[in-house]
Amino acid sequence: MKIRYILSLLITILLILTSCDSGSVTDTDENEFSFDHEINPGQSATEFLTDDDFERLVIQVQYMQGYEPTQEGLQNLESFLSDRLNKSTVTIMEPEEIPASGESSYTANDIRDLEREHRTQFSSENEIAAYFIIVDGEYSESDVLGIAHFNTSMALFGPKFNEVSSGIGSPSKEDVETIVLRHEFGHILGLVNNGVDMQTNHQDTDNGRHCDNDQCLMFYAFRNADLFANIFGGNIPELDENCVADLQAVGGK
Ligand SMILES: [Zn+2]
Ligand SMILES: [Zn+2]
């Protein structure tokens, strides 16, 4: 009787131990980190601008064969973000080549599917992650160089960059990249009236979530392949006072 009692006690203890063990693996821990990467652009603006939730920023860049971004364009993106975001570090990962899809045009949903297939860098405790994908075709809806398609994700349309930077007297590919990388990130940061409230009204409502100042980085023509060369005056446009004020009002620099 005594042995049976000890045996059943041991089995009970074992059962408790194993159930605890499997419990901690499969159950969702209340403290477990979670972050939704598939909400609308601009919805995570404060997470990028402040260091309340994330002290660091990392950016993954993937490109289809033949459309590798320039180091200068990426460095200029990094300096822009370091100037505006309260992050201890802004790291742009070495660009990675992904297989060409060979499509002539992509819808926003095609782009989202490509991201789901290829992206590997996601936000973690203390570090928010952003993502750029550079594809080998055009955007299906309009003649644009780039789009922001999720709260941390942006896409560039590679052939359009060659088109805009190839004519005589055209802006360099580095300059076009610098402007479009920064412009699309501006939408992720909530500009203009895209998740971050305006301090003064400066939205060009005829052209969506853009700034009404044609000297500002967030002017609509800077993402438009047809208009780009006409509007580009040889200088990289900065964010104007109104756009900077909007970012600072929610904790940006
Ligand atoms: Zn835009
Ligand atoms: Zn502006």
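All letters in the sequence shown, in the order written, are residues -24 to -1, 1 to 229 by mature numbering (1 follows the signal peptide of the UniProt record, and there is no 0). Idealized CB from N, CA, C, for every residue including glycine.
Any idea what DSSP makes of L223, helix, strand or coil?
Residue state, collapsed to three classes: helix.
Where T65 sits in the DSSP three-state scheme
strand
Using alpha carbons as the reference points, say which of S118, I87 and T128 lies closest to V34.
T128
Let me confirm a value: T154 is counted as buried when at least 16 other C-beta atoms fall within 10 Å, else exposed. Which label applies?
buried
Between the C-alpha atoms of F98 and S141, what's the straight-line distance to the nearest angstrom?
32 Å
Hey, could you find the ends of the alpha helix (DSSP H) I212 is sitting in?
Counting along the chain, I212 falls outside any alpha helix (DSSP H), and DSSP gives it neither H nor E.
Could you check which residue in F30, Y43 and L53 has the C-alpha nearest to that of G162?
L53
Uninterrupted alpha helix (DSSP H) stretches inside the segment 142 to 202 (no shorter than 4 residues)
149 to 164
Here's the rule: buried if 16 or more other CB atoms are within 10 angstroms of the residue's CB, otherwise exposed. What is D(-4)?
Because the pLDDT at D(-4) is just 43, under 50, the model does not fix this residue reliably, and the point stays unresolved.
Let me check understanding here. Comparing Cα to Cα, which of Q19, G134 and D12 lies closest to V168?
Out of Q19, G134 and D12, the CA that lies nearest to the CA of V168 is found in Q19.
How far does the beta strand (DSSP E) with A124 in it reach, from first residue to last?
G122 to F126
Measuring straight from C-alpha to C-alpha, what distance separates V172 and L157?
Rounded to the nearest angstrom, the two C-alpha atoms are 19 Å apart.
Can you give me the C-alpha to C-alpha distance between I109 and Q191, rounded to a whole angstrom?
If I take the Cα positions, the gap works out to 27 Å.
Look up I87 in the DSSP assignment and say whether it is helix, strand or coil.
Helix.
Just to confirm before moving on: does the CB-CB distance between L25 and N62 stay below 9 Å?
yes
Out of I212, F133 and E150, which has the shortest C-alpha to C-alpha gap to Y39?
F133
Work out the CA separation of D28 and N102 for me, nearest whole Å.
9 Å
What residues are listed by DSSP as bridge partners for R32?
T65 and E103
Quick one: is R92 buried, meaning 16 or more other Cβ sit within 10 Å of its Cβ, or exposed?
exposed
Can you check which of these residues, E48, Q51 and K136, is closest to V111 by C-alpha distance?
With respect to the C-alpha of V111, the residue from E48, Q51 and K136 having the closest C-alpha is K136.
Whose C-beta lies closer than 6 Å to the C-beta of E72 among residues of the same chain, with five residues either side of it excluded?
Q38
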